[in-house]
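Below is one structure, written out as structure tokens; comments come after it.
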Amino acid sequence: MEIHRFRYILFALMGLTALVQMCAIAFNAMGEINERNVYFEQTGRAPEEFFAAMSYTRAVQETQFWFAVPVGLSIAVLVIYAFLIWYRDWFGRGTFAYRLLSLPSERRNIYFAKLTAILTFVFVLVGFQLLLMPIGRAIFAMIAPADQLQPSYIADAIFANQVFKILLPRSFAEFFVNYGLGIISLLVLFASILLERSYRWLGIVYGLAYAGFCALLMVYPLLALGLNYSTGYFYTEEAYAIQMAIDGLIVVASVWLGLYLLKKKVSV
Amino acid sequence: MIELKGVRKRYRGRYVLNGLSFTAEKGNITCLIGMNGAGKSTVMKAIMGLVPVKEGQILVDGKPRGRWMYEKISFVPDHLTMPLSMKMSEGLTFMADFYASWNAERAAELMRFFRLEPGEKIGNLSKGTAAKYNLVLGLAPNSDYVLMDEPFSGIDLFSREMIADVFSSELIEERGVLLTTHEIGEVEHLIDKAVILQNGKAEMEFDCETMRSEEGKSIVDVMREVYSR
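Keeping their order, the protein sequence lines are chains C and H.
Residues 1 to 268 (my numbering) make up the first sequence, in order.
Residues 1001 to 1229 (my numbering) make up the second sequence, in order.
Okay, here's the thing in structure tokens:
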């Protein structure tokens, strides 16, 4: 249901990402061929003597701005939608919150439906991005002359883009940190939104205070325990363990708070 | 029976409900009457668990409320409660998916009675058509109680007649109905019991037929007396 309601925006983001990134690759390849042709016309020499072989990895590196634009836009839309996924049910002509809160099933299902919907959108977009990489390589290979084409690995192409280093990490540990932080932020945001929906004006203050407190808790180990430098009081492993424990605490507290508010305090 | 005992609810620094107690029985049409801002809609929302109450008890058939209650009580608010992007038929499917008490046959019958087009988008419905669709969603389940918040508000004469017909039909007969309305005159003959709200309390609770036969007063007469005190 939640996924169904976002489908058009999701398809639009996927379409835009495909269009911008594939056009960027195509224009990059055509531009490079054009440069080679100009060189040949002006000097009469074979371009291979002066130019390196055409590489998809290099094309991705050179067009990384155009790769980042739809990715950034998708992230921005998802952040806005993390608010809208709640508020759209409370405001407007069709206040769906009345119906959702009157369903004869546990209210926590509403919370988890919204949470998993956002996570599904994120992973659908990331998966689609991964799918676009070999498609981009195929388009690049179709445009570039076969004798001037250097084969590229998808992993190298991903690593050539600064945004993908965060979005498509190579190690599980990095994935855990990057996406873990994102999920924690989402849980804190949900708790803050539900505070606002429960206590209205006062709830805004509570929500901001809760989000600020969680942010402070999350950066505290970095600042005070020496997680990011080796001369701290704690061993790196210990500081990591403390950081993980704090993050775990924030996850449990945010989910508990969100579910409690939804069950006992939220109002239409 | 729906029973409210000393219910208190604070809103914007004042008690909208301040020790409210009354009952709404099965088989009766009970009307909550009050001036604007008296807390009529808040009572409905409080019964449905859509706003938390500060103090007091709300019992349904003698038991504290829980999610089981949503199969027993239907709520018909004065506005749409389905996503506007849905078609009316999709809204009915949604209800069938979630409510064990949903009666698809009755829903189809009500859609025909109100001459509603299942393929039409909910977002395109006029106020009157939306009210009829809300009634379909509220009356189709095999629920014991129906709460209706201003079912006649902003609706044209013919639609009002159609809705009023529902009140005297078998769709309502066996159930307990709790409604709020400003159009007392129009539904007075249908109402069994009236509860007059003032200052967050039930100022008066009376059987309409008894009041008519014994004291010769209509609901409006009693309202005048209460509000002129």
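Quick reminder that beta carbons are idealized off the backbone N, C-alpha and C, glycines included.
Enumerate, from N- to C-terminal direction, the unbroken alpha helix (DSSP H) stretches of 4 or more residues contained entirely within the segment 217-266 of chain C. Every alpha helix (DSSP H) of 4 residues or more that sits fully in the segment 217-266 of chain C is shown, in chain order, as 236-260.
Would you call the CB atoms of H:Ala-1104 and H:Ala-1096 closer than 8 Å? Their beta carbons are under 8 Å apart, which means H:Ala-1104 touches H:Ala-1096 by this criterion.
Which full runs of the alpha helix (DSSP H) of 4+ residues lie inside the segment 110-160 of chain C, going along the chain? Segments of the alpha helix (DSSP H) lying fully in the segment 110-160 of chain C: 154-159.
Does the beta carbon of C:Leu-262 come closer than 8 Å to any beta carbon on chain H? Chain H, which has no Cβ nearer than 8 Å to the Cβ of C:Leu-262, makes this no.
Classify H:Leu-1116 as helix, strand or coil using the three-state DSSP reduction. If DSSP states are grouped into helix, strand and coil, H:Leu-1116 belongs with coil.
Since H:Arg-1067 meets chain C, which of its residues come closer than 9 Å, beta carbon to beta carbon? The CB of H:Arg-1067 comes closer than 9 Å to the CB of Leu-103, Pro-104, Ser-105, Glu-106 and Arg-107 in chain C, given here in chain order.
Along the beta strand (DSSP E) that carries H:Ser-1074, what are the first and last residues, could you check? Bounds of the beta strand (DSSP E) holding H:Ser-1074 are 1073-1076.
Any non-hydrogen atom of the ligand GDP closer than 7 Å to H:Gln-1057 Cβ: The model on display carries no ligand, and the ligand GDP is accordingly not part of it.
Helix or strand or just coil, what does DSSP make of H:Met-1069? The answer is helix: DSSP assigns H:Met-1069 an H, G or I state.
Starting from C:Leu-10, trace the alpha helix (DSSP H) in both directions and tell me its first and last residue. Counting along the chain, the alpha helix (DSSP H) containing C:Leu-10 begins and ends at 2-43.
DSSP three-state call for C:Pro-169: helix, strand or coil? Looking at C:Pro-169 - three-state DSSP - the assignment turns out to be coil, as it is neither helix nor strand.
Nearest chain H C-beta to C:Phe-112 closer than 8 Å, yes or no? Not an interface residue.
Proximity test, Cβ basis, 8 Å: C:Val-268 and chain H: A Cβ of chain H is located within less than 8 Å of the beta carbon of C:Val-268.
H:Asn-1018 in three-state terms, based on DSSP: DSSP places H:Asn-1018 within a strand segment (E or B) once states are collapsed to three.
Quick one: give me the first and last residue of the beta strand (DSSP E) that C:Val-69 is part of. For C:Val-69, there is no enclosing beta strand (DSSP E); the residue is part of the alpha helix (DSSP H) that begins and ends at 64-87.
Name the residue from C:Gly-31, C:Gly-203 and C:Pro-221 whose alpha carbon lies nearest to the alpha carbon of C:Lys-265. Closest in C-alpha terms to C:Lys-265, from the list C:Gly-31, C:Gly-203 and C:Pro-221, comes C:Gly-203.
DSSP three-state call for H:Asp-1144: helix, strand or coil? Under the three-state reduction of DSSP, H:Asp-1144 is assigned to coil, being neither helix nor strand.
As assigned by DSSP and simplified to three states, the class of C:Ala-54: In the sequence as presented, Ala is not what sits at residue 54 of chain C; that position holds Met. Reduced to three states, the DSSP call for C:Met-54 is strand.
Considering only the alpha carbon of each residue, which of C:Ile-166, C:Asp-147 and C:Val-163 lies closest to C:Pro-47? Among C:Ile-166, C:Asp-147 and C:Val-163, the Cα nearest to that of C:Pro-47 is on C:Asp-147.
Please name the residue or residues paired with H:Asp-1192 in a DSSP beta bridge. Paired residue(s): none; H:Asp-1192 is not in a bridge.
Under the three-state DSSP convention, the category H:Asp-1061 falls into: In the structure shown, the three-state DSSP call for H:Asp-1061 is coil.
Please tell me whether H:Leu-1171 and H:Ile-1073 are closer than 8 Å, where the distance is taken between their beta carbons. No, the pair does not count as a contact, with Cβ atoms beyond the cut-off.
Residues sharing a beta bridge with H:Leu-1179, DSSP: Partner residues in the beta bridge of H:Leu-1179, as assigned by DSSP, are H:Cys-1031 and H:Met-1148.
Hey, out of C:Thr-57, C:Leu-16 and C:Leu-189, whose CA is closest to C:Leu-149's CA? Nearest option by C-alpha distance: C:Thr-57.
Out of C:Tyr-235, C:Gly-212, C:Phe-234 and C:Gly-182, which has the shortest C-alpha to C-alpha gap to C:Val-79? Residue C:Gly-182 is the option with its Cα nearest to C:Val-79.
Between the CA atoms of H:Lys-1087 and H:Arg-1008 - distance to the nearest angstrom: Looking at the backbone, the Cα of H:Arg-1008 and that of H:Lys-1087 are separated by about 39 Å.
At the level of alpha carbons, what is the spacing between C:Ala-209 and C:Thr-236? Near 30 Å, if we compare the C-alpha coordinates of C:Thr-236 and C:Ala-209.
Of the residues that make up the segment 181-210 of chain C, which ones have a beta carbon closer than 7 Å to any beta carbon in chain H? Interface annotation for the segment 181-210 of chain C against chain H: empty, criterion Cβ-Cβ distance under 7 Å.
Within this structure, are the beta carbons of C:Ala-144 and C:Met-22 separated by less than 8 Å? Against a cut-off of 8 Å, the Cβ pair of C:Met-22 and C:Ala-144 comes out as no contact.
Is the shortest distance between the beta-carbon of C:Phe-6 and the beta-carbons of chain H less than 8 Å? When Cβ-Cβ separations below 8 Å define contact, C:Phe-6 makes no contact with chain H.
H:Ser-1159: contacting residues in chain B (beta-carbon distance under 7 Å): In summary, chain B is missing from the structure at hand, where the protein chains are C and H.
Pairwise C-alpha distance: H:Val-1060 and H:Ser-1153: Answer to the nearest angstrom: the Cα atoms are 27 Å apart.
With the cut-off set at 8 Å, would you say C:Phe-198 and C:Ser-267 are in Cβ contact? Correcting the residue type first, residue 198 of chain C is Ser in the shown sequence and not Phe. Their beta carbons are under 8 Å apart, which means C:Ser-198 touches C:Ser-267 by this criterion.
Are there 16 or more other CB atoms within 10 angstroms of the CB of C:Ala-138, so buried, or fewer, so exposed? Counting C-beta atoms within 10 angstroms of its own C-beta, C:Ala-138 has fewer than 16 neighbours from the protein chains shown and is therefore classed as exposed.
Which residues, in order along the segment 1075-1094 of chain H, keep a beta-carbon less than 8 Å from a beta-carbon of chain C? Flagged, chain order: Phe-1075, Pro-1077, His-1079, Leu-1080, Thr-1081, Met-1082, Pro-1083, Leu-1084, Ser-1085 and Phe-1094.
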